[in-house]
Amino acid sequence: MEISPRMFDYRVADSVATLTLNRPDRLNALTFGVYAELRDTFRSLEYESGVRVVVLTGAGRGFCSGGDREEIIAELFNRDAAGVREFTKMTCDTVAAMRGCPQPIIAAINGTCVGAGAMLALASDLRYAVPGAKIGFIFTRVGLAGADMGATYLLPRVVGMTKATELLFTGDIIAAEEALGIGLLNAIHSPERLMPAAMEMAAKLAAGPRFGLMMTKALLNNNMGASLSQGLHAETDAQALAMCHPDFKESYEAAKEKRAARYQ
């Protein structure tokens with residue numbers, strides 16, 4: 013299966029969708045069209061029952077270098093305020109689509125990961141990187157606010173307020189090793205192991221209970237800003253729903269029969 017290879021490569025095998033940003037000559041810089049298609053693709057995955065996990069990566073030596081300097085940044089100077097806001101709304105809608113996508117998303121960061129590229133990684137659920145990867149939320153370095161694509165919401169919740177403030181104020185680019193140390197990455201893998209490691213995790217998740225993983229992601233999202241009582245109330249309902257799902261009984265039966273569970 014392929015969707016618009018001109019924009020990016022999209023393939024599905026064994027219930028795992030691999031989405032590869034495919035502008036290697038531009039370090040996979042984003043264009044208006046790529047943003048729109050990313051947004052629409054992640055939105056549509058809600059209806060793709062054959063896809064259980066998504067792996068997001070980049071072609072060549074970079075993951076994503078952010079918005080294309082000529083095709084986006086230069087063009088924005090020709091827009092009025094309403095036109096500029098239309099663009100920022102689209103970028104934020106892309107992150108909303110990723111967080112709202114029911115399938116787990118694994119970012120395989122194969123190199124440069126800055127600006128909007130860093131936000132695509134941050135909006136993913138799990139993040140693996142190669143040792144040479146550089147990650148930076150560089151918005152203030154180009155005269156913008158660090159408040160871009162949900163950065164001020166998501167980053168403090170991943171690395172803590174103190175480190176998030178430093179990264180968003182300075183726009184500093186950090187090495188993969190530092191990113192791992194602050195909890196921005198789940199693991200670092202050699203270049204030859206990056207995609208196999210990502211696909212191994214994808215296969216593990218794809219073999220798990222789809223409904224249970226969907227509910228887990230939804231509650232992780234919903235409880236980011238909730239009080240304890242609100243979180244407990246939401247989990248009361250979520251786990252009751254999961255206990256009524258056939259996957260729960262299947263897991264019980266599989267354990268009794270000493271076999272692998274066959275989740276729906």
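Residue numbers (the numbering used here): 13 to 276. The beta-carbon is built from N, C-alpha and C at its ideal position, and this holds for glycine as well.
Between the alpha carbons of Asn90 and Glu98, how many angstroms are there, rounded? Along the sequence shown, read from residue 1 onward, the residue named residue 90 stands at position 78. Along the sequence shown, read from residue 1 onward, the residue named residue 98 stands at position 86. Each residue's Cα considered, the two are about 13 Å apart.
Rounded straight-line distance, which links the Cα of Thr182 to that of Ile150: In the sequence shown, the residue the question calls residue 150 occupies position 138. In the sequence shown, the residue the question calls residue 182 occupies position 170. Going by the C-alpha atoms only, they are around 8 Å apart.
Please give me, in chain order, every unbroken run of the alpha helix (DSSP H) with length at least 4 that falls completely inside the stretch 66 to 135. Taking only runs of at least 4 residues, the alpha helix (DSSP H) segments lying wholly in the stretch 66 to 135 are 93 to 112 and 128 to 135.
Cα-Cα separation, Ile117 to Thr248: Working through the sequence shown from its first residue, we reach residue 117 at position 105. Working through the sequence shown from its first residue, we reach residue 248 at position 236. About 25 Å.
At which residue ranges does the stretch 134 to 203 contain complete beta strand (DSSP E) runs of 3 or more residues, listed in the order of the chain? 138 to 141, 146 to 148 and 185 to 187
Should the stretch 162 to 180 be regarded as contacting the stretch 123 to 143, the criterion being three or more beta carbon pairs within less than 8 Å? yes
When burial is assigned at 16 or more other CB atoms within 10 Å of the CB, is Ile85 buried or exposed? Here the question's residue 85 lines up with position 73 in the sequence shown. Under this definition Ile85 is an exposed residue.
Arg18 versus Asp92: straight-line alpha-carbon distance, rounded: Reading the sequence shown from its first residue, position 6 is the one you call residue 18. Reading the sequence shown from its first residue, position 80 is the one you call residue 92. With a pLDDT of 48 at Arg18, under the threshold of 50, the modelled position of this residue cannot be trusted; read the value that follows with caution. Whole-angstrom Cα-Cα distance: 29 Å.
Under 6 Å Cβ to Cβ from Ala141, same chain only, skipping five residues before and after it: list those, please. Here the question's residue 141 lines up with position 129 in the sequence shown. Counting only Cβ-Cβ distances below 6 Å, and skipping sequence neighbours, we find Ile121, Ala188, Leu197 and Ile200.
Considering just the uninterrupted stretch of the alpha helix (DSSP H) at Ala230, what are its terminal residues? Position 218 of the sequence shown, counted from the first residue, corresponds to residue 230. That run of the alpha helix (DSSP H) goes Arg222 to Asn234.
On the DSSP bridge assignment, give the partners of Leu42 in chain order. One-based indexing of the sequence shown puts residue 42 at position 30. Beta-bridge pairing links Leu42 to Gly79.
By the DSSP assignment, the alpha helix (DSSP H) with Ala266 in it spans what residues? Numbered from its first residue, the sequence shown carries residue 266 at position 254. From DSSP, the alpha helix (DSSP H) with Ala266 extends over Pro258 to Lys268.
Helix, strand or coil for Asp21, going by three-state DSSP, please let me know. Here residue 21 refers to the residue found at position 9 when the sequence shown is read from its first residue. Here Asp21 sits in strand by DSSP.
For a test of the three-state rule: what should DSSP assign to Ala210, helix, strand or coil? What you label residue 210 is simply residue 198 of the sequence shown in a count that begins at 1. Looking at Ala210 - three-state DSSP - the assignment turns out to be helix.
In chain order, what residues of the same chain have a beta carbon less than 6 Å from the beta carbon of Pro208, not counting five sequence neighbours either side? Position 196 of the sequence shown, counted from the first residue, corresponds to residue 208. Excluding residues within five positions, none has a Cβ falling inside 6 Å.
From the DSSP secondary-structure annotation, give me the bridge partner or partners of Leu31. Along the sequence shown, read from residue 1 onward, the residue named residue 31 stands at position 19. Beta-bridge pairing links Leu31 to Tyr22 and Leu68.
Can you grab the Cα-Cα spacing for the pair Ala238 / Gly112, in whole Å? Within the sequence shown, residue 238 is the residue found at index 226, counting from 1. Within the sequence shown, residue 112 is the residue found at index 100, counting from 1. Answer to the nearest angstrom: the Cα atoms are 17 Å apart.
Beta-carbon proximity list for Ala246, same chain, < 8 Å, skipping 5 on both sides: By 1-based counting over the sequence shown, the position of residue 246 is 234. Only Leu231, Asn234, Asn235 and Ala238 meet the Cβ criterion.
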